[in-house]
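Counting in the working numbering, the sequence shown runs from 4 upward without gaps. Remarks on the structure that follows.
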Amino acid sequence: MTAPAPTAVRTATLARIRLNPHSRDVQRDLRDAHELHRTMMRLLPPSDASAARQAHGLLFRLEVEPRATHIHLQTTSTLHPDRLPPDYGHVRTKDLTPMFAALREGIGVRYRIVANPTKRTSLPPEEGKRGPVIPLTGAEADQWWHRKATEAGLHLHTLLPTPLPAARSPRGKDNRPRMRHDLIRFDGTATVTDAEALTRAVLTGIGRGKPYGAGLLSLAPA
């Protein structure tokens, strides 16, 4: 009997950008999630694809700490930190190949994700269209993450939710519609139940709002 072929090891690059608070470009991006998305896309190779973010596996999140603000950015393509605006920040990169190679069912991990928990509301059948998407909070948001984590190959042991400022974009000069994505950070510990599903979730992200800083799942040994 022929043994099954081993699962291909996936790879991605993680960048940690320590932002310069005195940079006007940084100040603009922190005010406007659309502008932040544009700046992050500049770090990737040019693409004609209509879904360029997905094609490059771009995911990121903003982390505000007492002494500094960082952006954690992940991509499956070549990263070009030199394309950041001058004095935007200091960039450190890390190859995630060893992490993916180490994922196995049964191992313990610590996780972090900034997510946009939502649900689509129902409309009467006679309306003939889908209801609006609304943000979830409190126990409903926790249940959303528990379900998404299970689908992603994690059995959660602990779950600490932290509401964060929403990703917003004011109406700009190009008459863009006002945008808002409510964000919650989930931290905790878990056991890996499906390494392949977890790998896909890390590479493609979880939930809505991925272009604006939601969906990046980070793992570390427990």
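C-beta atoms are modelled at their ideal positions from N, C-alpha and C, and glycine is treated no differently.
The beta strand (DSSP E) enclosing residue i, as first and last residue numbers
i	result
A200	Element bounds for A200: not the beta strand (DSSP E) but the alpha helix (DSSP H), 198 to 207.
P88	Careful: P88 lies outside any beta strand (DSSP E) and carries neither H nor E.
T121	121 to 123
P184	One point to set straight first is that residue 184 is His, not Pro, in the sequence displayed. Run containing H184: 182 to 195, per the beta strand (DSSP E) assignment.
H83	No beta strand (DSSP E) contains H83, which DSSP labels as neither H nor E.
Other residues of its chain near residue i: CB distance less than 6 Å, five sequence neighbours each side excluded
i	result
D28	P88, Y91
G111	T194, A225
V136	T121, R123
V205	L220
R188	V117, T165, L167
A6	Model confidence at A6 stands at a pLDDT of 42, short of 50, so the residue's coordinates are unreliable and nothing is read from them.
Which of helix, strand or coil DSSP assigns to residue i
i	result
V136	strand
G212	coil
A170	strand
A217	coil
E66	strand
H158	strand
L47	coil
Cβ neighbours of residue i in the same chain (closer than 7 Å, five flanking residues each side left out)
i	result
L106	V195, A198, L201, T202
I209	I116, A118, K151, A155, G218, L220
L62	Q77, G208, K213, G218, L219
Residue span of the alpha helix (DSSP H) that contains residue i, given as start and end
i	result
L33	27 to 34
T100	100 to 105
R56	55 to 58
Among the options, the one whose alpha carbon lies nearest that of residue i
i	options	result
A55	D32, T79, T14	T79
L163	H149, T42, I20	H149
T16	R183, E68, T96, H83	T96
H73	Q146, A18, D190, R13	A18
M182	H40, I20, A36	A36
G109	L157, S26, L62	L157
D185	L139, P214, D145, W147	L139
R171	T207, A144, R211, Y215	Y215
Beta-carbon proximity list for residue i, same chain, < 8 Å, skipping 5 on both sides
i	result
G191	R113, Y114, L159, H160, T161, L162, L163
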